[in-house]
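Numbering (this note's numbering), first residue to last: 1 to 306.
Laid out in structure tokens, this is it:
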């Protein structure tokens with residue numbers, strides 16, 4: 001039995017697949033937990049369709065169930081990559097961890113959308129310069145009480161993000177790239193309510209593979225809509241010299257019924273991000289740079305669902 005088969009056997013006694021991989025299932029998780037601390041909420045209750053006609057820009061959300069997969073670093077790289085392809089990009093940080101500030105070298109105390117929302121301020125006042133001419137609106141520094149207050153409010157206002165994007169008066173040819181927190185939370189559902197495209201970010205490891213059932217449940221209400229977002233899976237920081245990771249890539253392929261997009265790891269890119277520098281500024285030949293540029297083209301080609 002190969003490592004791939006052993007992994008699939010570990011996460012489910014039996015895996016069945018149709019020709020398109022739509023019926024593949026690993027029955028590992030039970031019910032989907034809600035991580036925002038609000039009792040009685042669920043993905044279904046968050047999934048009521050909203051009118052996003054006023055959110056004129058294309059919206060792409062980066063999501064994952066588990067943390068540490070590199071969502072924020074990819075948002076940073078994609079915003080730069082798409083700007084270099086002639087797009088007008090706004091990177092939006094919906095994660096209270098405020099990671100985009102650190103990736104972009106902004107002061108962590110830079111005003112952000114968290115406090116602006118609580119103070120009924122316009123998000124436009126929080127715009128900052130990103131890489132390659134892109135713009136960014138950070139989440140900003142917030143304390144625990146502010147985060148709990150905002151989350152409670154957003155649970156009752158499913159149109160919040162759509163309304164805020166409308167208020168920014170973004171152009172038809174602009175793209176918003178959203179960094180969401182890991183897991184099942186109110187920010188995930190706000191982003192899914194307006195997303196034209198979704199990038200599910202994973203690592204080539206068992207922890208990410210084990211989340212796919214949970215992702216099925218989280219994404220299902222949105223994919224059942226008449227105007228469903230396009231979904232792409234991305235394996236990030238892939239080490240092609242690691243045999244176990246290559247086995248995991250094969251396991252993802254069997255589970256998804258398709259080959260996931262891949263972004264290979266690169267020490268120079270990781271160093272640039274650690275120094276808050278644009279990872280796409282490097283002039284060195286790099287497979288990871290090729291992957292990031294290709295991913296930027298994939299995102300650029302996504303069509304609006306409205």
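The beta-carbon is built from N, C-alpha and C at its ideal position, and this holds for glycine as well.
Asked	Found
Every unbroken alpha helix (DSSP H) within the region 48-93, with a cutoff of 4 residues, ordered by chain	71-84
Beta carbon of residue 194 nearer than 7 Å to that of residue 162	yes
Three-way DSSP call (helix, strand, coil) for residue 305 in this model	coil
Expected contact under 8 Å - CB spacing of residue 286 and residue 268 to nearest Å	7 Å
Own chain partners of residue 296 with C-beta closer than 7 Å, once the 5 adjacent residues on each side are dropped	78, 81, 82 and 85
Buried/exposed call for residue 105, threshold 16 Cβ in 10 Å	exposed
For residue 28, three-class secondary structure by DSSP	The predicted model places residue 28 with a pLDDT of 27, which falls under 50 and marks its position as unreliable, so this point remains unresolved.
Top-ranked residue by Cα proximity to residue 57, from 74, 89 and 65	89
Closest by C-alpha distance to residue 265, when choosing among 237, 277, 292 and 251	237
Proximal residues to residue 272 (C-beta, below 8 Å), its chain only, five neighbours per side dropped	278, 279, 281 and 282
CB contact flag (residue 220, residue 66, <7 Å)	no
Cut-off 6 Å between Cβ atoms - residues of its own chain near residue 93, not counting five sequence neighbours on either side	100, 138, 139 and 179
Beta carbon of residue 299 nearer than 7 Å to that of residue 60	yes
Residue 375 versus residue 63: straight-line alpha-carbon distance, rounded	In this structure the chain extends from 1 to 306, so residue 375 is not present and cannot be described.
C-alpha gap between residue 288 and residue 258, whole angstroms	21 Å
Identity of the residues DSSP links to residue 264 by a beta bridge	238
Runs of beta strand (DSSP E) lying entirely within the region 109-176, each at least 3 residues, in chain order	135-137
Same chain only: Cβ atoms within 7 Å of residue 160, ignoring 5 sequence neighbours per side	154 and 190
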